[in-house]
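K.L.:
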Amino acid sequence: MKKLLKRVISLLLIFLMVTNVISQFSPDWRVQTYATSSDIITTVAGTDTQGYFGDDAPAINANLNSPHGVAVDSQGNLYIADTYNHRIRKVSATDGVISTVVGTGTSGYSGDGEAATLANLSSPNGVALDSSGNLYIADTMNHVIRKVATDGKISTVAGTNTGDDLDDYYGGYSGDGGLATSAELRAPRGLAVDNLSNLYIADSSNNRIRKVSATDGVITTVAGTGSYSYSGDGGLANQAGLNFPRGVAVDSHGNLYIADRSNHRIRKVSATDGVITTVAGTGTPDYSGDGEAATSANLKSPHGVAVDSHGNLYIADTENNRIRKVSAADGVISTVAGTGIYGYSGDEGTATLAQFRSIYGVIVDSNGNLYITDSNNNRIRKVTVPTVSVTGVTVDPSTLTLIEGGAPVSLTATVSPIDATNKGVVWSSSNTAIATVSSSGEVTPVGVGTATITVTTQDGSNTGTVEVTVNALVNAETPTIVTQPIGTTVNEGATSPVLSVVASVSDGGTLSYQWNSNSTNSTIGGTIITGATSASYSAPTSTVGTMYYYVVVTNTKSGVNGTTTETASNVVAVVVSPTLPAYTVTYNGNGNTGGSVPIDSELYEQGAPVTVQSNNGSLAKTGYTFAGWNTAADGSGTNYVAGATFPIGTANVTLYAKWTAIPSSSGSGGSVTPSQTGSQVTTIPAPQVITVPVQTGNVGSGSTVSETPITRTIDPEGKVKDEVTLNQEKMKDTVQSIIEANQSTARIMIQDTKDEVGQVNINVPKEATKEIGDKNINLEIFTENVRIIIPHGSMDNFLNDLFFRVIPIKEESQRKEVESRARVEQIVKEVANNDNIAVISRPMTIETNMQGRPTTLVLPLRDLEVPTNDAERSKFLNELFIFIEHSDGEKRLEKGKNVEYKEGQLGIEFGVNKFSTFTILHLEGFAQNFHQAYIKGFTDGSFKPNEQITRTQMALMLARILGYDETQKATKAPFRDVSVAHPTSGAIACMQEKGLMTGDDNGNFNPSEQITRAQMAVVVARYKQLSIKEQTINNNAFSDIIGHWAIKEIAANKDAGIITGFTDGTFRPQSALTRAQAVKIINRMFDRGPLFGVATPRFKDVPATHWAFEEIEEAAQDHFFTSRAEGGENLVK
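Going by our numbering, the letters in the sequence shown line up with residues 1 to 1133, in that order.
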């Protein structure tokens, strides 16, 4: 017994010793027990050399440049998003040869409609394929999705490659519910295509997942609210918070999986109800949990996700340098590739012993093999899995009864075991005259009888059968509509009109009725009217407008296997008209000596079009000829010719006859008797009709999409006027051309090369305004004296004809009058440092009926020389202000922003919501305390203080403060991933030249990545030239920065009081900087603010009680200020 006890103890000690040795040999020894020893890893593309090389040769000898995405087609061909080579490469499944299939290698956006090899891409991140072999590309820095069809031609299928503001670095968020080609995306990365060819897009910098329908090309948001957050599990995915989602995948059931990168989680959106849940990750950026439930495991910045045919989930656990697998059977997570060590090793060995450098993407092929983008190793790696044989197949349901001519029903085949390598099956029918079966198992009833459906595994080893019985179809009789309902027109509040229908059947069935309303003249998409279930319905008259009604009559007959519904054949309209004031148009002979004036007996409601009549009563005046009509007796009003139209206002209109004197000769030389209007005498040339282009794109380099006529007239005082009226039908064609060009602005180019026009009248009928606004097209009016830019949002629900009246003040005497008024205005005197106040360029008077709606104006710096010396130029531009004299007596002084008016000419841009006289003032020597805004809010009136900020946005803000203006362009690409054509290349180059922001080890700036708190601390330390002391580091270091690469800069910022940490003693260096945190740091960096004395908060989501209220107000508004003794600034109102 003692000997046996000694032996047991000895064996136990040996086991413990071995266990200890194993645990010291590998900290992850328990993890490895979940990996399959025969999973071998190899490199299939790329070498240790970063670059572009090797086409038309074996892929393992080719050079790649930070590949991010990978996809495999049904033949096993491999597609690689060779990101910083700006190309898509293909590795042939037959011989392993690599070739370029998309891209020239030049970063840019071009080539749609041409061969894909001739197109330009910009840092493509993701690739995906549909069942037809079409290739989809996340063209990330172009903010679009491109498609390469099977004929090799490339097109854009989502995104516009345009933006309204450089803050969006030409990316944005818009377009849901419309065509994807008119929508805005922001740095899309991951892509996936489901079984129905619907496209899913990881719209990363918008924190959303977008879906493009395969049936109609309409885009929607299926997950995410746009905020950088984690929320929403258990609710609808489109109400959940995501945080920079990078990868997407769809399983065979249509469930969507999301690599929620900065939340360190994998999320799942159910195909059945749209509910989102977390299926892997706790939110803590770490590595743990193998062998346990995936929801209890830690991930670290997962970039990619894939699903195999068994429903197993594969995760690119990027910063852990591993591939993790979540089993479909039990939800347990394991590591299937990678040791976690940042490096390169392991080829031809077990995948769990391999090393990676930043895995960005993962995909699984039909055989279960994994392909991995080992990005910073510039390679594609493959993990080959062992083959598992099929043991059986079953079919559900086991029997099936259908109706002749009825809807198809799908059968489900289950192949055993669950991890079988080849789970493919083949379907067949014993009698296709009775029932047919598709390749996916969908059974279609054809004729009455019985057939056997057989499913056979692809290897031919196993079969299963289903007996299908098809019965004859017996329908209820279709109702006959005897009497249809009749539409009507009534006044608001009148007695409800009764709509009635009479229907009958002869089979003894029961008729039922359901009335529906619709906003369009259609029986599709209507709304069921609750309780309206009889043969008649009383339509309401409480709301002005047109509503359409139709009734569905249903015959229900017991004992049959079908019911039939009949929809009333004519949709009827009930028009409810308002009781509105009406106005008249009267014609006046204006001194006629014969004939009679036209009679217009119409009553016009406000905004209704008036067609000007001809001289149909033969008006005459001795010594004169009739020359049209004018709204003033003395001819100083607006001229109209017969057939012209204008919208009625809110008053009666009188049109006066215009008379032109008949020339007569006197003496040998002769003389001309001028025309006479009232008491004025002048010669009036005939109106001239000229045609001007309507353009889209950038000013000076845009394309012409249509033309519009202008009537140019000279009034009795010699003033030249232009009259522009947009045609609704032509505007429809124009808008369509703009959409097809992936643009968003219609620009009317009103040219005046002789500088003779003294007034421009622009009329936009309400139908044309609606057409422009509904299609999200901005309207711009370009003249030589002002650009008026009306965003599409300002045209929403604008129910009247729109007009603008633009009058440049050209006379020197009138300019002096404006200057004199400015000199005595208190608001100007408070700002000007002396009496050196001068009007430059031309003052502009602008009148419109679009008051109270945001509009952007740009005034040109014309007729002057802007200094070319950088210091002198900056000083001069800083001394320019916009003096605004509103017609209601209000006077304002605005700073504006320096922009390019047209090629070679500067301008000043500013926003307004009411119109008056606008003048550029030069306040020479201006040196007041003034701060210009460097950040904006959003069009919905919010600031979104908790939204994270990108490196591009930070570069742009800092550059603006340091004197950069957006007319200054980069002369060469500052970084590999920022070309000269990048919309903010100038600002990024400015940051590079000043040494404030640098790229990564690969020479990339990563413009769409969020800037972290640590990166911002380094920028501040560089600008402020903070002294970095070892004592500071030791005494003031936060608990979570020990060993961090930026520990010195972070500690120096804390010591200087610029950046603080959190209440728990941490700094969270890798956390993304929020907008609120950013402005506080920038304000400290440049010794600005905080701004006190703001009475009304500028943003709806930043009330006065918000912790960063004064900091955000300081950053977001132009303001004059005085310094406070206790620190900060007081707003000068």
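Glycine included, C-beta positions come from ideal geometry on N, C-alpha and C.
#1: Report the option in Gly96, Arg87, Thr94 whose CA atom is closest to the CA atom of Ala119.
#2: Buried or exposed: where does Gly133 fall if 16 or more other Cβ atoms within 10 Å of its Cβ makes it buried?
#3: Please report how far the alpha carbon of Val1134 lies from the alpha carbon of Thr160, in whole angstroms.
#4: For Ala1108, count neighbouring Cβ atoms within 10 angstroms of its own Cβ and tell me buried if that reaches 16, exposed if not.
#5: Which first and last residues belong to the alpha helix (DSSP H) in which Ile772 is found?
#6: Residue range of the beta strand (DSSP E) that Phe1109 falls in?
#7: Tell me which same chain residues have a C-beta within less than 6 Å of the C-beta of Ile710, skipping the five on either side of it?
#8: Out of Asp755, Val757, Asn378, Asn778, which has the shortest C-alpha to C-alpha gap to Ile739?
#9: Could you pull the start and end residues of the beta strand (DSSP E) that Ile315 belongs to?
#10: Quick check on this structure: which residue in Gln688, Ile648, Ser92, Ile599 has the alpha carbon closest to the alpha carbon of Val641?
#11: From the DSSP output, read off the bridge partner residues of Ala435.
#12: Does the separation of the CB atoms of Gly607 and Asp801 fall below 7 Å?
#13: Could you please give the first and the last residue of the uninterrupted alpha helix (DSSP H) stretch that includes Ala959?
#14: Whole angstroms are fine: how far does the CA of Ser985 sit from the CA of Pro974?
#15: Just to confirm, are Val390 and Ser309 a CB contact at a threshold of 7 Å?
#16: Return the first residue and the last residue of the alpha helix (DSSP H) that Met844 is part of.
#17: CB-CB under 8 Å to Ala202, same chain, minus the five flanking residues each way: which ones, in chain order?
#18: In the DSSP assignment, what residue or residues form a beta bridge with Thr450?
#19: How many angstroms separate the CA atom of Ala1115 from the CA atom of His1106?
#20: Is Asp977 helix, strand or coil by DSSP?
#21: Hey, which unbroken runs of the alpha helix (DSSP H) at 4 residues or more fall wholly within the stretch 847–894?
#22: By DSSP's criteria, Asn491 is part of a beta bridge. Which residues make up the other side?
#23: Could you tell me the distance, in whole angstroms, from the CA atom of Ile1050 to the CA atom of Lys1024?
#24: Helix, strand or coil for Tyr109, going by three-state DSSP, please let me know.
#25: So, does the CB of Thr1074 fall closer than 7 Å to a CB anywhere in chain D?
#26: Under 7 Å Cβ to Cβ from Gly1089, same chain only, skipping five residues before and after it: list those, please.
#27: Identify every residue that forms a DSSP beta bridge with Val148.
#28: Along the beta strand (DSSP E) that carries Ile1081, what are the first and last residues, could you check?
#29: Going along the chain, which residues of its own chain have a beta-carbon closer than 7 Å to the beta-carbon of Gly346, five neighbours each way excluded?
#30: Looking only at C-alpha atoms, which of Thr952, Glu348, Pro843, Pro860 sits nearest to Val44?
#31: Between the stretch 800–819 and the stretch 862–871, are three or more C-beta pairs nearer than 8 Å?
#32: Which whole-angstrom value describes the C-beta separation of Leu1148 and Leu861, a residue pair presumed to lie in contact below a C-beta threshold of 8 Å?
#33: In three-state terms, what does DSSP make of Leu1131?
#34: Tell me the DSSP bridge mates of Gln992?
#35: Using the rule of at least 16 other Cβ atoms within 10 Å of the residue's Cβ for burial, across every protein chain shown, is Glu319 buried or exposed?
#36: On a Cα-Cα basis, can you pick out the residue from Leu78, Ser155, Asp286 that is closest to Gln1070?
P.N.:
By the coordinates alone:
#1: Start at 1 with the first residue of the sequence shown, and residue 119 comes out as number 119. Ranking the options by Cα distance to Ala119, first place goes to Arg87.
#2: Within the sequence shown, residue 133 is the residue found at index 133, counting from 1. Classification of Gly133: exposed, given that the 10 Å Cβ count is below 16.
#3: A question about residue 1134 goes unanswered here, because the residues of the chain that appear run from 1 up to 1133.
#4: For this step, residue 1108 is matched to residue 1108 along the sequence shown. Classification for Ala1108: buried.
#5: Here residue 772 refers to the residue found at position 772 of the sequence shown. Unbroken alpha helix (DSSP H) run through Ile772: 766–774.
#6: Locating residue 1109 in the sequence shown gives position 1109, counting from the first residue. That residue, Phe1109, is in no beta strand (DSSP E); its alpha helix (DSSP H) goes 1109–1116.
#7: Working through the sequence shown from its first residue, we reach residue 710 at position 710. Result list for Ile710: Ile690, Val692, Asp722, Val724, in chain order.
#8: For the purposes of this step, residue 739 is taken as the residue at position 739 of the sequence shown. When only C-alpha atoms are compared, the closest one is Asn778.
#9: As a working mapping, residue 315 is identified with position 315 in the sequence shown. Per DSSP, Ile315 belongs to the beta strand (DSSP E) from 313–317.
#10: Position 641 of the sequence shown holds residue 641. Cα-wise, what sits closest to Val641 is Gln688.
#11: As a position in the sequence shown, residue 435 is number 435, starting the count at 1. DSSP, once it has assigned bridges, lists Pro445 as partnering Ala435.
#12: Your numbering for residue 607 matches position 607 in the sequence shown. Your numbering for residue 801 matches position 801 in the sequence shown. Contact flag set, yes.
#13: Working through the sequence shown from its first residue, we reach residue 959 at position 959. Segment 951–961, the alpha helix (DSSP H) holding Ala959.
#14: Position 974 of the sequence shown, counting from 1, holds the residue named residue 974. Position 985 of the sequence shown, counting from 1, holds the residue named residue 985. Those two C-alpha atoms are separated by around 7 Å.
#15: Residue 390 sits at position 390 when you count from the first residue of the sequence shown. Residue 309 sits at position 309 when you count from the first residue of the sequence shown. No, the Cβ-Cβ distance between Val390 and Ser309 is not below 7 Å.
#16: To locate residue 844, count along the sequence shown from 1; it is residue 844. First-last for Met844: 837–848, but that is the beta strand (DSSP E), not the alpha helix (DSSP H).
#17: Looking up residue 202 in the sequence shown gives position 202. Closer than 8 Å at Cβ, skipping near neighbours: Gly126, Ala138, Pro188, Arg189, Gly190, Leu191, Ile209, Pro245, Arg246, Gly247, Val248, Ile258, Ala259.
#18: Here residue 450 refers to the residue found at position 450 when the sequence shown is read from its first residue. In the DSSP output, where bridge partners are listed per residue, Thr450 has Thr469.
#19: Reading the sequence shown from its first residue, position 1115 is the one you call residue 1115. Reading the sequence shown from its first residue, position 1106 is the one you call residue 1106. So the alpha carbons of these two residues sit roughly 15 Å apart.
#20: Within the sequence shown, numbered from 1, the residue matching residue 977 stands at position 977. Of the three classes helix, strand and coil, the one that applies to Asp977 here is coil, per DSSP.
#21: 870–878
#22: In the sequence shown, the residue the question calls residue 491 occupies position 491. Partner(s): Ser577.
#23: Within the sequence shown, residue 1050 is the residue found at index 1050, counting from 1. Within the sequence shown, residue 1024 is the residue found at index 1024, counting from 1. Distance between the alpha carbons of Ile1050 and Lys1024 is about 13 Å.
#24: Locating residue 109 in the sequence shown gives position 109, counting from the first residue. Coil.
#25: The chain inventory of the structure shown lacks chain D, comprising one protein chain alone.
#26: Position 1089 of the sequence shown, counting from 1, holds the residue named residue 1089. So the qualifying residues of the chain are Asn1083, Glu1110, Glu1111, Glu1114, Gly1128, Glu1129.
#27: If you number the sequence shown from 1, residue 148 lands on position 148. Answer is Leu135, Ile154, bridged to Val148.
#28: Taking the sequence shown and counting its residues from 1, one reaches residue 1081 at position 1081. Careful: Ile1081 lies outside any beta strand (DSSP E), inside the alpha helix (DSSP H) at 1075–1085.
#29: Within the sequence shown, numbered from 1, the residue matching residue 346 stands at position 346. Around Gly346: Ile41, Leu353, Ala354, Gln355.
#30: Here residue 44 refers to the residue found at position 44 of the sequence shown. Answer by Cα proximity: Glu348.
#31: no
#32: Because the chain here runs from 1 to 1133, residue 1148 falls outside it and cannot be looked at.
#33: Locating residue 1131 in the sequence shown gives position 1131, where the first residue counts as 1. If DSSP states are grouped into helix, strand and coil, Leu1131 belongs with the strands.
#34: By 1-based counting over the sequence shown, the position of residue 992 is 992. Gln992 pairs with nothing; no bridge assigned.
#35: Counting from one through the sequence shown, the residue named residue 319 turns up at place 319. Answer is buried; the Cβ neighbour count reaches 16.
#36: One-based indexing of the sequence shown puts residue 1070 at position 1070. Residue Asp286 is the option with its Cα nearest to Gln1070.
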